[in-house]
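Trainee:
Number of protein chains: 2
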Amino acid sequence: MNNFQYHNPVRILFGKGQMAQLPKQIPAQAKVMLTYGGGSIFKNGVYDQVKAALSSYTVVEFGGIEANPTYETLMKGVEIARQEGIDFLLSVGGGSVLDGTKFMAAAIPFEGPDAWQIVANRAKFTKAIPIGAVLTLPATGSEMNYYAVISRQETQEKKGMGNPLVYPQFSILDPETTFSLPPRQIANGIADAFTHVMEQYMTYPVRAEMQDRMAEGVLLTLIDEGPKMLANPTDYDAAANIMWAATMALNGLLAAGVPTDWATHQIGHELTALHGIDHARTLAVVLPHLLEIKKETKREKLLQYGRRVWQLTGTDDELVAGAIQKTADFYESLGIPTKASAYAIPASTVTEVVQRFEARGMNFGERADITPQVVGEILELSLA
Amino acid sequence: MNNFQYHNPVRILFGKGQMAQLPKQIPAQAKVMLTYGGGSIFKNGVYDQVKAALSSYTVVEFGGIEANPTYETLMKGVEIARQEGIDFLLSVGGGSVLDGTKFMAAAIPFEGPDAWQIVANRAKFTKAIPIGAVLTLPATGSEMNYYAVISRQETQEKKGMGNPLVYPQFSILDPETTFSLPPRQIANGIADAFTHVMEQYMTYPVRAEMQDRMAEGVLLTLIDEGPKMLANPTDYDAAANIMWAATMALNGLLAAGVPTDWATHQIGHELTALHGIDHARTLAVVLPHLLEIKKETKREKLLQYGRRVWQLTGTDDELVAGAIQKTADFYESLGIPTKASAYAIPASTVTEVVQRFEARGMNFGERADITPQVVGEILELSLA
Chain X
1 MNNFQYHNPV
11 RILFGKGQMA
21 QLPKQIPAQA
31 KVMLTYGGGS
41 IFKNGVYDQV
51 KAALSSYTVV
61 EFGGIEANPT
71 YETLMKGVEI
81 ARQEGIDFLL
91 SVGGGSVLDG
101 TKFMAAAIPF
111 EGPDAWQIVA
121 NRAKFTKAIP
131 IGAVLTLPAT
141 GSEMNYYAVI
151 SRQETQEKKG
161 MGNPLVYPQF
171 SILDPETTFS
181 LPPRQIANGI
191 ADAFTHVMEQ
201 YMTYPVRAEM
211 QDRMAEGVLL
221 TLIDEGPKML
231 ANPTDYDAAA
241 NIMWAATMAL
251 NGLLAAGVPT
261 DWATHQIGHE
271 LTALHGIDHA
281 RTLAVVLPHL
291 LEIKKETKRE
301 KLLQYGRRVW
311 QLTGTDDELV
321 AGAIQKTADF
331 YESLGIPTKA
341 SAYAIPASTV
351 TEVVQRFEAR
361 GMNFGERADI
371 TPQVVGEILE
381 LSLA
Chain P
385 MNNFQYHNPV
395 RILFGKGQMA
405 QLPKQIPAQA
415 KVMLTYGGGS
425 IFKNGVYDQV
435 KAALSSYTVV
445 EFGGIEANPT
455 YETLMKGVEI
465 ARQEGIDFLL
475 SVGGGSVLDG
485 TKFMAAAIPF
495 EGPDAWQIVA
505 NRAKFTKAIP
515 IGAVLTLPAT
525 GSEMNYYAVI
535 SRQETQEKKG
545 MGNPLVYPQF
555 SILDPETTFS
565 LPPRQIANGI
575 ADAFTHVMEQ
585 YMTYPVRAEM
595 QDRMAEGVLL
605 TLIDEGPKML
615 ANPTDYDAAA
625 NIMWAATMAL
635 NGLLAAGVPT
645 DWATHQIGHE
655 LTALHGIDHA
665 RTLAVVLPHL
675 LEIKKETKRE
685 KLLQYGRRVW
695 QLTGTDDELV
705 AGAIQKTADF
715 YESLGIPTKA
725 SAYAIPASTV
735 TEVVQRFEAR
745 GMNFGERADI
755 TPQVVGEILE
765 LSLA
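Which chain is which? The protein sequence lines are X and P, in order. The numbering of the first sequence is the working numbering, which starts it at 1 and goes up by one. The numbering of the second sequence is the working numbering, which starts it at 385 and goes up by one.
1. Pull up the distance between the alpha-carbon of residue 613 (chain P) and that of residue 563 (chain P), whole angstroms please.
2. Whose C-alpha, out of P:503, P:496, P:520, P:467, is nearest the C-alpha of residue 474 (chain P)?
3. Measure from the alpha carbon of residue 348 (chain X) to the alpha carbon of each residue in X:328, X:364, X:380, then state which is nearest.
4. Would you mind telling me which residues of chain P sit closer than 8 Å to residue 6 (chain X), beta carbon to beta carbon, in chain order?
5. Determine, using beta carbons only, whether residue 483 (chain P) comes closer than 8 Å to chain X.
6. In chain order, which continuous runs of the beta strand (DSSP E) of length 3 or greater are located wholly inside the stretch 40 to 70 of chain X?
7. Which chain X residues sit within Cβ distance under 7 Å of residue 628 (chain P)?
8. Contact check, residue 12 (chain X) vs residue 389 (chain P) under 8 Å by CB: the rounded distance?
9. Give me the DSSP bridge partner(s) of residue 360 (chain X).
10. In terms of residues, what are the limits of the alpha helix (DSSP H) holding residue 142 (chain X)?
11. Should residue 635 (chain P) go down as buried or exposed, given a rule of 16 or more other Cβ atoms within 10 Å for buried?
12. Using CA coordinates, which residue listed in P:387, P:466, P:592 is at the minimum distance from residue 512 (chain P)?
13. Whose C-alpha, out of X:305, X:366, X:226, is nearest the C-alpha of residue 184 (chain X)?
14. Using C-beta distances below 6 Å, list every residue in its chain close to residue 239 (chain X), excluding the 5 sequence neighbours before and after it, in chain order.
15. Between the alpha carbons of residue 498 (chain P) and residue 590 (chain P), how many angstroms are there, rounded?
16. Three Cβ pairs or more, each shorter than 8 Å: is that satisfied between the stretch 253 to 261 of chain X and the stretch 211 to 227 of chain X?
17. Is the beta carbon of residue 605 (chain P) sitting closer than 8 Å to the one on residue 210 (chain X)?
18. Can you give me, in chain order, the residues of the stretch 221 to 244 of chain X that have a beta carbon less than 7 Å from any beta carbon in chain P?
19. Below 8 Å on the Cβ atoms is my contact criterion, and I expect residue 470 (chain P) with residue 417 (chain P) to pass it. Report the Cβ-Cβ distance as a whole number of Å.
20. Using a Cβ-Cβ distance cut-off of 8 Å, determine whether residue 402 (chain P) contacts chain X.
21. What's the C-alpha gap between residue 391 (chain P) and residue 235 (chain X)?
22. Looking at chain P, is there any beta carbon in it that lies within less than 8 Å of the beta carbon of residue 257 (chain X)?
23. Going by DSSP, which residues form a beta bridge with residue 555 (chain P)?
24. Please check if any C-beta of chain P sits within less than 8 Å of the C-beta of residue 111 (chain X).
25. Taking CB distances under 8 Å as the criterion, tell me whether residue 3 (chain X) reaches chain P.
26. Once you ignore the five residues that flank residue 190 (chain X) on each side, which residues in its own chain have a CB closer than 7 Å to its CB?
27. Measuring only the C-alpha atoms, how far is residue 280 (chain X) from residue 93 (chain X)?
28. Residues of chain X with a CB under 7 Å from the CB of residue 632 (chain P): which are they?
29. Starting from residue 214 (chain X), find everything on chain P with Cβ-Cβ shorter than 7 Å and list it in chain order.
30. Closer than 8 Å is the cut-off here; do at least three beta carbon pairs connect the stretch 417 to 430 of chain P with the stretch 476 to 494 of chain P?
31. Report yes or no: is there a C-beta of chain X within less than 8 Å of the C-beta of residue 591 (chain P)?
32. Roughly how many angstroms separate the alpha carbons of residue 517 (chain P) and residue 565 (chain P), rounded to a whole number?
33. Within 10 angstroms of the Cβ of residue 346 (chain X), are there 16 or more other Cβ atoms? Answer buried if so, exposed if not.
34. Kindly indicate the opening and closing residues of the beta strand (DSSP E) around residue 96 (chain X).
35. Sort P:579, P:655, P:570 by Cα distance to residue 616 (chain P) and report the nearest one.
36. Which same chain residues, not among the five before or five after residue 270 (chain X), have their C-beta less than 7 Å away from its C-beta?
Below, the structure written as structure tokens:
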């Protein structure tokens, strides 16, 4: 087991009716900016619940944060927040709204000339506006971590940032808020959480049995409960398990003390940046093919995963092949294709993505062996 | 799944050499009281490491905190801390030292006339001295929760307290500090952690699949790695897995959103209070017999546990019997007897414990069906 530090102070308020706790979580004198996305919160009743809970506060609204939130949009919110003297940000929506809100929290008091540097060059910042979250879409895990992924339209970039200053102070997770989600968003959320676990688990063993067992537990929960939530979106317990599993998938516990990969995300981000493909779908396009290309270096973990998660038996080679096939099958069972052809990704994208990785001048993966050339091989296999 | 709140701000510093982080965790001007137990930290080198790390601090020492820490001992430390103006408590040792330190943290600034009321009547307190911990014995989980169990010699009582104010600010967990533990303490620690999981898991299903999978993961880790640590106490990875599993067993995650039992602990505490039996051993004396007596109300979970944790097959009745037998066998495999006769507990103890439960005027267990009479039945079975 590797050494680690773990510190996660996010307060989780989980379950039906937890919105009633909202006023206890925000300082009484706070001037609140309510951030949200494309307007689903008006249809599912969450906006009305939040406004009712915040009736005694001064609230400024900033909506229109898109999926894969952009620097261009968010900087408009930053300007308003500065003008209005906002001192608390309440994100209401899914991971994109929350990621965007985290960027805003850092950008509002940022003293440098160019807030994009927070993302592009991970510029240090020492202040952030406090954040709270009301989550309406289980997927990204952003509700219990300090990471965010931000896009820039102008340059077709999509990059991550992270800093403990942007931990949400609290996150309200009421599974009932997910009841009206369209099937595509439910499927994407399950696929996203599943891939988060795989990025932290499917590497090489360091005898971190406790972490492996937890990761396998999250995978098994997603595999067992995901189809139930898709089949019946108002199955409260299915929604609750998926919501809590997606949070556990990326709250730092699974990564503590183990090597992590994250190459699938790095490649997927480029596909979203270039073609606007849903984040979770880009992961499904990459991961099964990455596993095939790296099946020798990931062999021990593929065997363990095949046996424990998919209950496979057979020769070692059969287990490895079966484990990769089961992974692709799982995405497909959610209605998410795993071949690039299904998304009309052209062959020229391979060259373009490889060039972007070459420009970065670094390799990825738990062994730093995902070179630009390997990225090309993975995408070629997905196109085949 | 039940509603829950979860908030755990303890910073974990895990692994070899983490003691070097100690000075960064304690305010530079703090006047520190170093609390410890019977002196094992002088033999295993931890005392020297801590003193070296704290060379720039004013440090007052308070040793001699016993297993099952007593109010009588702890109040001596409280007096010294008040006289010395201590503003940080550093617990160095196992769960007993840390539990005692948590009581001291609350008692030092307590303004009521009788600090025992913090334990006896869960008297509210609004201030506590900040705590840090260096853990040398994996067992109780106290390093990542806000609970403590305190005994009073005068009245032969053993009772719990809990308050977020006594969360450790940080806990240093270096598995190498466990290398010199005697086998009895290693075995007790594994048994204690195992029972903590069972208290939160072996109840009735509420479709909290995520929590169940995590609980099963901790149990499997203890079952797989426990014997390795016992066989080879300097197996770093075995020690690391047991240490992290014991922390995960009682940091609040397993209990979030599910019913919990804790009757085994309540009965076990009385056996320690009356006969001075090691805490973990009292749990082994109680749990298998409690499961036998309550096997109908715990039937669904016993079946799940038998299948998933012990890989049992057969009829449902065979699974239930097998799951209970495997539980007893596990304690015995650690060298911990599960029958009261092995501890020379006399038959008169049954009457005495039943009377203590009658005096409390409340029932225990996840269904509040562990009446004083049922407590008697459990102990009779253990004596049989």
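Idealized CB from N, CA, C, for every residue including glycine.
Mentor: Taking the structure as given:
1. 9 Å
2. P:520
3. X:380
4. 395, 396, 398
5. no
6. 58 to 62
7. 210
8. 7 Å
9. Looking at the DSSP assignment, residue 360 (chain X) forms no beta bridge with any residue, so it has no partner.
10. Premise fails: residue 142 (chain X) is in no alpha helix (DSSP H) and is neither H nor E.
11. buried
12. P:466
13. X:226
14. 175, 178, 229
15. 41 Å
16. yes
17. yes
18. 221, 224, 225, 237, 240, 241, 244
19. 4 Å
20. yes
21. 26 Å
22. yes
23. P:396, P:517
24. no
25. yes
26. 222, 226, 242, 334
27. 17 Å
28. 210
29. 598, 601
30. yes
31. yes
32. 18 Å
33. exposed
34. Element bounds for residue 96 (chain X): not the beta strand (DSSP E) but the alpha helix (DSSP H), 95 to 107.
35. P:570
36. 353, 356
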